[in-house]
Amino acid sequence: MAIFYIIWRVHTDIVGCYFPLDDWKQEVYELSSSIGNISIRLLSFELKRELSFGNLRESFFQTVSNSTWANECYLVAAEVSEEEEFRSELSRLSTSFGIGVIKLNLEDPHSSEIIFPAKYREALDWETINKLTMNADFKEFISTVKIDITSKKIHKKEYDQVLDIETLKRKTSA
Numbered sequence: 175m176a177i178f179y180i181i182w183r184v185h186t187d188i189v190g191c192y193f194p195l196d197d198w199k200q201e202v203y204e205l206s207s208s209i210g211n212i213s214i215r216l217l218s219f220e221l222k223r224e225l226s227f228g229n230l231r232e233s234f235f236q237t238v239s240n241s242t243w244a245n246e247c248y249l250v251a252a253e254v255s256e257e258e259e260f261r262s263e264l265s266r267l268s269t270s271f272g273i274g275v276i277k278l279n280l281e282d283p284h285s286s287e288i289i290f291p292a293k294y295r296e297a298l299d300w301e302t303i304n305k306l307t308m309n310a311d312f313k314e315f316i317s318t319v320k321i322d323i324t325s326k327k328i329h330k331k332e333y334d335q336v337l338d339i340e341t342l343k344r345k346t347s348a
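Going by this note's numbering, the sequence shown opens with residue 175, and the numbers climb by one from there.
Spelled out as structure tokens, the structure:
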């Protein structure tokens with residue numbers, strides 16, 4: 175189950191957490207917990223309206239500086255240039271820094287395309303996570319994730335609601 179939390183003020187735009195509670199047998203989860211290897215995944219997303227040569231370096235390195243604390247980090251844009259030279263440079267940067275790139279489908283977010291997958295980082299950057307807690311929303315997110323891990327119960331009401339497509343369309347047209 176993936177849980178997402180929107181943080182708009184400082185640093186990352188959206189953070190997410192994947193909890194294996196619904197996917198793993200209870201015994202497997204308990205064993206992983208007892209050896210200190212709870213396989214949650216923290217994800218970080220930087221959002222941009224568009225991505226082209228005009229803003230590639232700034233957008234990409236903003237993602238690098240704000241997101242590499244997480245297990246996976248993504249640069250997300252509604253418009254991504256199709257220019258061959260641009261895509262080649264985007265691929266190079268993605269491979270070099272492990273940053274994934276997603277083309278967001280605004281009409282149907284579930285149909286969004288992962289252009290380049292993020293490289294999974296086993297270890298989290300705890301020093302950066304500690305510094306990011308200066309953002310009250312991020313600090314609350316981290317606290318909520320900790321509570322959910324220790325209680326083995328996801329408190330969905332504590333996270334941002336994930337809306338279905340029809341509700342999203344009604345909200346954006348209003």
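The beta-carbon is built from N, C-alpha and C at its ideal position, and this holds for glycine as well. This structure is a prediction, so every number in the text was calculated from the model and none was measured.
Through-space distance from residue j to residue i, alpha-carbon basis
| i | j | result |
| --- | --- | --- |
| W198 | S233 | 36 Å |
| P283 | C191 | 18 Å |
| Q200 | S207 | 11 Å |
| F315 | S265 | 31 Å |
| Q236 | E332 | 28 Å |
| G228 | Y203 | 46 Å |
| Y179 | K330 | Caution is warranted here: a pLDDT of 49 is assigned to Y179, below 50, making its placement in the model unreliable, and the coordinate value is therefore given only provisionally. In a straight line, the C-alpha of Y179 is about 11 Å away from that of K330. |
Cβ-Cβ separation, residue j to residue i (assumed contact under 8 Å), whole Å
| i | j | result |
| --- | --- | --- |
| L225 | E253 | 7 Å |
| I303 | F193 | The Cβ separation is near 17 Å, so there is no contact. |
| V238 | F271 | 5 Å |
| E263 | L230 | 7 Å |
| S218 | V189 | 6 Å |
As assigned by DSSP and simplified to three states, the class of residue i
| i | result |
| --- | --- |
| F315 | helix |
| F219 | strand |
| I273 | coil |
| F167 | Missing from the structure shown is residue 167; the chain here goes from 175 to 348 and no further. |
| L230 | helix |
| L306 | helix |
| E257 | coil |
| E224 | strand |
| T242 | coil |
| S325 | helix |
Cβ pair residue i, residue j closer than 8 Å
| i | j | result |
| --- | --- | --- |
| A251 | L216 | no |
| L249 | I288 | no |
| I276 | S286 | yes |
| A292 | E246 | yes |
| L221 | D196 | no |
| F290 | S325 | no |
Near the ligand MG: residue i beta-carbon under 7 Å from a heavy atom
| i | result |
| --- | --- |
| K305 | Of ligands this structure carries none, so the ligand MG is not represented either. |
Range covered by the alpha helix (DSSP H) that runs through residue i
| i | result |
| --- | --- |
| I188 | No alpha helix (DSSP H) contains I188, which is instead part of the beta strand (DSSP E) from I188 to Y192. |
| Y203 | Q200 to S208 |
Beta strand (DSSP E) segment containing residue i, residue limits
| i | result |
| --- | --- |
| L298 | That residue, L298, is in no beta strand (DSSP E); it is neither H nor E in DSSP. |
| L249 | E246 to V254 |
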